[in-house]
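One structure is given here, and the rest of the page talks about it.
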Amino acid sequence: RGTAVRESLPIVDLFRDADELEVLNVVTGAGLPGIPLAIAVPPHRVQLVDAVAKKISFLQQVKTSLKLDNIHPQHARIEALTLSKVPAFIVSRAYADLSRMIRSIDHLTNVSTTVIAMKGITPSDELAALPAPWQVVELRTLAVPFVGAPPCPGIPRRPFGRCAHTPQAGGRQKTHAQT
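Under this note's numbering, the first residue of the sequence shown is numbered -4, with each subsequent residue one higher.
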């Protein structure tokens, strides 16, 4: 129980040293990893986006109940989303394969956007199938505390990585995806 929340916590350290940031949590579901991020790093503005209205209603209630003024639930399909400000980070947990994810969020990024896609196992096939001009530039394994059966002394690991958009003709470069 609570595994999904615990799985959201290891990425908090990526945000601690930054000033106020715009963070977009795509296909947020129950608000993961966005709500744990908003609680752990309150100066950041976390936009929670999901296409299911019932989930957004729940997140509005969470916002009110927990007095989380830095979260902003929004009912929208990510492919049709428009933003007034480009996010510094785009995060997701268990959202599609990487190729589909990158295609659905590319219009929301610029050269300073970092994308963090939390995956349960190292997605070797997905990494190999990234659409051009994307490439992997970093892959991390994160410890998730207390996951597994209570008597189990081991700490399971979760993969985490980074992809980059390589320069095309004309020299424009985007650096921005993490898995």
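A virtual CB, placed ideally from N, CA and C, is assigned to each residue, including glycine.
Quantities reported herein were computed from a predicted structural model and do not represent experimental measurements.
By Cβ distance, which residues of its chain are closer than 6 Å to residue i, with the 5 residues on each side in sequence left out?
| i | result |
| --- | --- |
| PRO68 | LEU43, ILE51, LEU54 and GLN55 |
| ALA33 | VAL41, LEU63, ASN65 and ILE66 |
For the beta strand (DSSP E) holding residue i, just list the boundary residues, first then last.
| i | result |
| --- | --- |
| ILE111 | 109 to 113 |
| SER60 | Segment 48 to 61 is the alpha helix (DSSP H) holding SER60; no beta strand (DSSP E) there. |
| GLU17 | 17 to 21 |
State buried or exposed for residue i, treating a residue as buried only when at least 16 other CB atoms are found within 10 Å of its CB.
| i | result |
| --- | --- |
| ARG88 | buried |
| ILE85 | buried |
| PRO148 | Reliability fails at PRO148, whose pLDDT of 23 lies under 50, so the model's placement of it is uncertain and no value is given. |
| LYS49 | exposed |
| ASP45 | buried |
| ALA83 | buried |
| LEU78 | exposed |
| SER107 | exposed |
Only counting the same chain, and skipping five residues up and downstream in sequence, which positions put a Cβ closer than 8 Å to that of residue i?
| i | result |
| --- | --- |
| PRO145 | Only weak support exists for where PRO145 lies, its pLDDT of 32 falling under 50; the value from the coordinates is given anyway. For PRO145, where only same-chain residues beyond five positions count, there are no Cβ hits under 8 Å. |
| ALA(-1) | ALA25, LEU27 and ARG88 |
| HIS39 | PHE10, ALA13, GLU15, LEU16, GLU17, VAL18, LEU32, ALA33 and ASN65 |
| TYR90 | VAL21, VAL22, MET96 and ALA112 |
Within the continuous alpha helix (DSSP H) that includes residue i, where are the two ends?
| i | result |
| --- | --- |
| ARG72 | Here ARG72 belongs to no alpha helix (DSSP H), and DSSP marks it neither H nor E. |
| VAL0 | -2 to 3 |
| ARG95 | 93 to 100 |
Taking the DSSP output, what are the residues bridged to residue i?
| i | result |
| --- | --- |
| ILE66 | VAL41 |
| VAL86 | ASN20 and ILE111 |
Quick one: what's got a C-beta closer than 7 Å to residue i's C-beta in the same chain, skipping five residues either side?
| i | result |
| --- | --- |
| ASP92 | GLU121 |
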